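Novice: Dumping the structure here so I can ask a few things about it.
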Amino acid sequence: MATTVATTTEAPPVLRLDGVSHTYIGQRRRTTVLKNIDYSFRRGTFYTVLGPSGSGKTTLLSLASGLDAPTRGTISFNGEDLTKLGLGRYRNKHAATIFQHYNLLTYMTALQNVTTAMEITGVKPGSGGRRARALELLEQVGLDRHMATRNVMKLSGGQQQRVAITRALACDVDILFADEPTGNLDEDTAQGIIDTFRELAHEQDKCVVVVTHSQRLAAQSDRVLTLRKGKLTE
Ligand SMILES: Nc1ncnc2c1ncn2[C@@H]1O[C@H](COP(=O)(O)OP(=O)(O)OP(=O)(O)O)[C@@H](O)[C@H]1O
Ligand SMILES: [Mg+2]
């Protein structure tokens, strides 16, 4: 009689945190922001992370997006330790981040910010080329050609935020991180961005992780995580 062996064919989580702790060491004291966090992030899922100001949300994103390495523990992408894969390679090829303070290249136009990111990630431009694709994406977030070709420092806060969002969307990566991406946007524009995040997760099988204070945004995500006292809970 043939015996059946239970096998797990499930793919490894796209991103895994194992025993992740992080401590900032200042001149007079150490601040432990994250304490022994274990969590698996999967594809096809839109996560939001809530938590009081100063609870470590941006710190968590900077570790998960490969900008910094945790003091303790490991972070892995598709089962491979980020430090082995290389943080730079991970950031260039697999993860895109929309920063809380945008981090746009201030000497460039909106369009150049987007096309430069596409070049760095090596994204295939499609038949029309990178410029056409970037203009199309900027148009989708409500920035017309006139806005797109203006220096980003001459755009409003909400417009700059939309450039930062477009820059991340233009790079065809596996994981998208965003830190308060709708903080400066009116309700309709914010809803458009939320719809895009849902679509990326559900139709393009991406993993989307968004830090927010907005209950409205959290209510539309698949999983709501809370960061409090260094612990991440669902
Ligand atoms: N580079 C740093 N050096 C020292 N301490 C830091 C550093 N960055 C952040 N911290 C401290 O770590 C804690 C968490 O900061 P973090 O920016 O991750 O919080 P946050 O949850 O994103 O807050 P907010 O909602 O206000 O953006 C805070 O107490 C902060 O002062
Ligand atoms: Mg923050």
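Take the sequence shown: its letter number 12 is residue 12 in UniProt numbering, and every next letter is one higher.
Glycine included, every Cβ here is placed at the ideal spot set by N, Cα and C.
All values reported here derive from a predicted model rather than from experimental measurement.
#1: Look up V33 in the DSSP assignment and say whether it is helix, strand or coil.
#2: Please check the pair F177 and V209, which I expect to be a contact at CB under 8 Å, by giving their CB distance rounded to whole angstroms.
#3: Check whether the Cβ of T23 lies closer than 6 Å to any heavy atom of ligand 1, and answer yes or no.
#4: Shorter than 6 Å, the distance from the beta carbon of K229 to the closest heavy atom of ligand 1, or not?
#5: Between A110 and L138, how many whole angstroms is the CB-CB distance? I'm expecting something under 8 Å.
#6: State the CB to CB distance for the pair L82 and G66, rounded to an integer number of angstroms; the pair is presumed to be in contact (CB under 8 Å).
#7: I'd like to check one pair, D179 with F99: are the Cβ atoms closer than 7 Å?
#8: By Cβ distance, which residues of its chain are closer than 6 Å to T149, with the 5 residues on each side in sequence left out?
#9: Beta-carbon within less than 7 Å of Q220's beta-carbon, same chain only, minus the 5 sequence neighbours each way: which residues are those?
#10: Taking the straight line between their C-alpha atoms, what separation do you get for S40 and L232?
#11: State the beta-bridge partners of I98 as determined by DSSP.
#12: Run through DSSP, which three-state label would T212 get?
#13: Please find out if some non-hydrogen atom of ligand 2 comes closer than 6 Å to the beta-carbon of Q140.
#14: Based on the DSSP output, what are the partners of K231 in its beta bridges?
#15: Shortest alpha-carbon distance to Y24 belongs to which of A64, R131 and A69?
#16: Looking only at its own chain, which residues have a Cβ that is under 7 Å from the Cβ of G157, when we skip the five neighbours before and after it?
#17: Could you give the residue range of the beta strand (DSSP E) that holds G19?
#18: When you compare only the Cα positions, how much space is there between L200 and K35?
Specialist: The answer reads as follows:
#1: strand
#2: 5 Å
#3: no
#4: no
#5: 6 Å
#6: 6 Å
#7: yes
#8: T109 and L111
#9: I194 and R198
#10: 11 Å
#11: A178
#12: coil
#13: no
#14: R228
#15: A69
#16: N184
#17: L15 to I25
#18: 30 Å
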